[in-house]
Structures are given as structure tokens and as C-alpha cells.
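A.B. asks:
Numbering (mature numbering (1 follows the signal peptide of the UniProt record, and there is no 0)), first residue to last: -22 to -1, 1 to 253.
(1) Counting pairs of Cβ atoms below 8 Å between the region 81 to 99 and the region 135 to 151, do you hit three or more?
(2) Beta carbon of residue 47, beta carbon of residue 36: below 7 Å?
(3) Spatial neighbours of residue 57 within its chain, please: CB distance less than 6 Å, with the 5 preceding and 5 following residues excluded, ordered by chain position.
(4) Tell me residue 100's beta-bridge partners as DSSP assigns them.
(5) If I follow the unbroken alpha helix (DSSP H) through residue 233, where does it start and stop?
(6) Flag this pair as yes or no: are the beta carbons of residue 64 and residue 19 separated by less than 7 Å?
(7) Among the residues of its own chain, which have a CB less than 7 Å from the CB of residue 245, if the five just before and after it don't count?
(8) Nearest to residue 155 by alpha carbon, out of 240, 204, 55?
(9) Nearest-angstrom Cα distance between residue 38 and residue 78?
(10) Which residue from 133, 108, 55 puts its Cα closest to that of residue 116?
(11) For the region 25 to 109, list the beta strand (DSSP E) runs that are entirely contained and at least 3 residues long, ordered along the chain.
(12) When you compare each of 28, 88, 101, 14 to residue 247 by their alpha carbons, which one comes out closest?
(13) Please report the straight-line C-alpha distance between residue 17 and residue 111, rounded to a whole angstrom.
(14) So what does DSSP say about residue 114, is it helix, strand or coil?
(15) Just to confirm before moving on: does the CB-CB distance between residue 212 and residue 145 stay below 7 Å?
(16) Work out the CA separation of residue 118 and residue 165 for me, nearest whole Å.
(17) In whole angstroms, give me the CA-to-CA distance for residue 231 and residue 214.
(18) Does DSSP put residue 197 in a helix, a strand or coil?
(19) Looking only at C-alpha atoms, which of 53, 74, 14 sits nearest to residue 32?
(20) Quick check: the Cα distance between residue 167 and residue 152, rounded to an integer number of angstroms?
(21) Classify residue 189 as helix, strand or coil using the three-state DSSP reduction.
(22) Quick one: what does DSSP say residue 217 is sitting in, helix, strand or coil?
(23) Measure the alpha-carbon distance for residue 173 versus residue 238 and round it to whole angstroms.
(24) Excluding sequence positions up to five away, which residues of its chain have a Cβ less than 7 Å from the Cβ of residue 80?
(25) Specify the secondary structure class of residue 145 as computed by DSSP and reduced to three states.
(26) Any idea what DSSP makes of residue 131, helix, strand or coil?
(27) Measuring straight from C-alpha to C-alpha, what distance separates residue -1 and residue 100?
(28) Short of 7 Å in beta carbon distance, which residues of its chain neighbour residue 137, apart from the five on each side in sequence? Order them along the chain.
(29) Straight-line CA distance for residue 51 to residue 108?
Below you can see the structure in the form of C-alpha cells.
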């Protein structure tokens, strides 16, 4: 059995297959090469659920983690729309919740309290500084926003983004800045690794984010900046389908293995009550 098939089988054991969504356009996702498109996430509500029922599901499941569901975005420099009770919007929100909710449920409730995350904002058509985005950390208001922008996305790739953007929030909490030099992290890099000009420079070029593009980094996007390297490593670690591949990468890459140990320690630290 090929390595690809082994990894897919491992991932399938972790996520039940259940999808009622339209066929996926594989040409519309920067993660399309790294995603297993046949791996679908269980629905979080009946296929005919109303907007109110979907909101109730999100509110209830997030409340169990001591998080608040919010349905409008108010952030300078960013824009988004609220979901309506139309059939297309219900499908879009259902698709988003089917990834975001299980993603957030991978954390124990103390984790969110320790990093002071209080709100999950669920919207559509999110744009930040004119660039369309699927998620945005807002540590200044104790929130992270997640969006469906009509793109046909690989579900596991969207979950990886859920954790990736959440780590930007965590990083801000630790350093009071989204962009900072972290000597402890930089010391884990192999000699000669130089970061690019930041994650924003990746957008708009139809680039593909591929795994383990060079020694010491989990993906091509990781190489665009220290903040992206940290968030990518955490995102791959937290997403089962990606974690299976990350575990193979670190067997051959001591620097990446050290970064994974760092992120596992971050997870352990913030998972403890009263950290």
C-alpha cells in the first residue's frame, strides 16, 4: 500500500465520512495539492436545518467550551457579511460549522480561558485590507473570525486554517504583537533558512502550499515569515489529516521535530487549568 493511501486510511479513522455538499472545484484552493478531497467531516445538523437551528447548534457547542458565538464582524480594516436565512447561505454556514466546531472541540475548555479567547465570529465574504480571507485573529477584542467565502475548499485544509489563525491569536497573547522576533523559535531553524516577506505576499499569485518544501519548515507557506512558520506548524499538528504527514516529516528532519516538540509543549501548557 502506498504512503499516500496509508495516510488517508489513518485520517479516515479519525473523521467519519458524511457530506451532502455540492461537488468540490479542486481549482479554487491554495491547499488543493496537500488535501485529501474525499475526506469529509460529519454534518453538524440536519441537511434542512434553518438558520436559527444552525446558530443554536453553534451557540450550544461553543458554550460548552466557554466560547461565545457571534454573527457580525465589527473590525477596522476588515469587512464581512452576516448569513441570511436563504438556502445558499444555510449551506455555506453549515459547511463552515462542520469544520470549525469539531476543530475547536479538539481543545480542552481551559485552553481558551488561558489564552483569553472569548468569541468566535462566524461570517461570510471576509476581506482584510482588501484581501479575501477565510479567517482572522482579533486578539484585541478576544476574538477569532472564520468565514465561508464561497470558495470550494478541502475540509481538512479549512480545519488547518482554523488552527493556524488561532495560533496567530495565541502568539499575540504571548508577545503582544503579531509580528515579532522570537529568538527561541529562530534558534530551532537550520542554518541558512531565511524567511520571505510575510504571509500577505503569498496571496494573489495562485501559489500552492506544499508540504515540507525545505528542511526545517512544515510547508512552503511556513517559509514566508516566522509568524507563518509558527502558525503552520501548529495548524498541521492540530489537524488529524495533516498531523499524520507531519509525524512522517519529523522522522527525517531534526529541526522540524524540535519545532513540533515546542508546539506540543505550548498545547500542554495552555491545556492546564489556571495557567
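Each residue gets a CB set at the ideal place from its N, CA and C atoms; glycine is no exception. Since we're looking at a predicted model, the values are computed, not measured.
C.D. replies: Reading from the atomic positions:
(1) yes
(2) Taking the first residue of the chain shown as 1, we reach residue 47 at position 69. Taking the first residue of the chain shown as 1, we reach residue 36 at position 58. Yes. Within cutoff.
(3) For the purposes of this step, residue 57 is taken as residue 79 along the chain shown, with counting starting at 1. Within the same chain, residue 57 has close Cβ partners 105.
(4) Numbered from 1 along the chain shown, position 122 holds the residue referred to as residue 100. Per DSSP, 124.
(5) Taking the chain shown and counting its residues from 1, one reaches residue 233 at position 255. Where residue 233 is concerned, the enclosing alpha helix (DSSP H) stretches over 232 to 249.
(6) By 1-based counting over the chain shown, the position of residue 64 is 86. By 1-based counting over the chain shown, the position of residue 19 is 41. Contact flag unset, no.
(7) What you label residue 245 is simply residue 267 of the chain shown in a count that begins at 1. Excluding residues within five positions, none has a Cβ falling inside 7 Å.
(8) Within the chain shown, the letter at position 177 stands for residue 155. Answer by Cα proximity: 204.
(9) Taking the first residue of the chain shown as 1, we reach residue 38 at position 60. Taking the first residue of the chain shown as 1, we reach residue 78 at position 100. Their Cα atoms are separated by approximately 13 Å.
(10) Numbered from 1 along the chain shown, position 138 holds the residue referred to as residue 116. Among 133, 108, 55, the Cα nearest to that of residue 116 is on 55.
(11) 46 to 48, 56 to 59, 97 to 106
(12) The residue you call residue 247 lines up with position 269 of the chain shown. If we check each option's Cα against that of residue 247, 88 comes out closest.
(13) Walking along the chain shown from the start, residue 17 turns up at place 39. Walking along the chain shown from the start, residue 111 turns up at place 133. If I take the Cα positions, the gap works out to 23 Å.
(14) Residue 114 sits at position 136 when you count from the first residue of the chain shown. Strand at residue 114.
(15) Here residue 212 is taken as the residue at index 234 of the chain shown, counted from 1. Here residue 145 is taken as the residue at index 167 of the chain shown, counted from 1. Taking 7 Å as the Cβ cut-off, residue 212 and residue 145 qualify as a contacting pair.
(16) On the chain shown, residue 165 is found 187 positions in, with the first residue counted as 1. On the chain shown, residue 118 is found 140 positions in, with the first residue counted as 1. Roughly 28 Å separates the two Cα atoms.
(17) Numbered from its first residue, the chain shown carries residue 231 at position 253. Numbered from its first residue, the chain shown carries residue 214 at position 236. Using only the alpha carbons, I get a separation of about 15 Å.
(18) As a position in the chain shown, residue 197 is number 219, starting the count at 1. Here residue 197 sits in strand by DSSP.
(19) Along the chain shown, one-based indexing puts residue 32 at 54. Closest option to residue 32, Cα to Cα, is 74.
(20) The sequence position of residue 167 within the chain shown is 189, counting from 1. The sequence position of residue 152 within the chain shown is 174, counting from 1. Looking at the two C-alpha atoms, the distance is approximately 20 Å.
(21) Your numbering for residue 189 matches position 211 in the chain shown. Correct three-state label for residue 189: strand.
(22) As a first step, residue 217 is located in the chain shown; it is residue number 239 there, counting from the start. It is coil, neither helix nor strand.
(23) Position 195 of the chain shown holds residue 173. Position 260 of the chain shown holds residue 238. Their Cα atoms are separated by approximately 18 Å.
(24) Residue numbering aside, residue 80 sits at position 102 when the chain shown is read from its first letter. Around residue 80: 19.
(25) Against the chain shown, residue 145 aligns to sequence position 167. The answer is helix: DSSP assigns residue 145 an H, G or I state.
(26) Start at 1 with the first residue of the chain shown, and residue 131 comes out as number 153. If DSSP states are grouped into helix, strand and coil, residue 131 belongs with coil.
(27) Taking the chain shown and counting its residues from 1, one reaches residue -1 at position 22. Taking the chain shown and counting its residues from 1, one reaches residue 100 at position 122. Interpretation of residue -1 is limited by its pLDDT of 39, a score under 50 that renders its predicted location unreliable; the figure taken from the coordinates is listed afterwards. The alpha-carbon atoms of residue -1 and residue 100 are separated by roughly 21 Å.
(28) For the purposes of this step, residue 137 is taken as residue 159 along the chain shown, with counting starting at 1. These residues qualify, in order along the chain: 77, 81, 217.
(29) The residue you call residue 51 lines up with position 73 of the chain shown. The residue you call residue 108 lines up with position 130 of the chain shown. Their backbone Cα atoms lie some 15 Å apart in a straight line.
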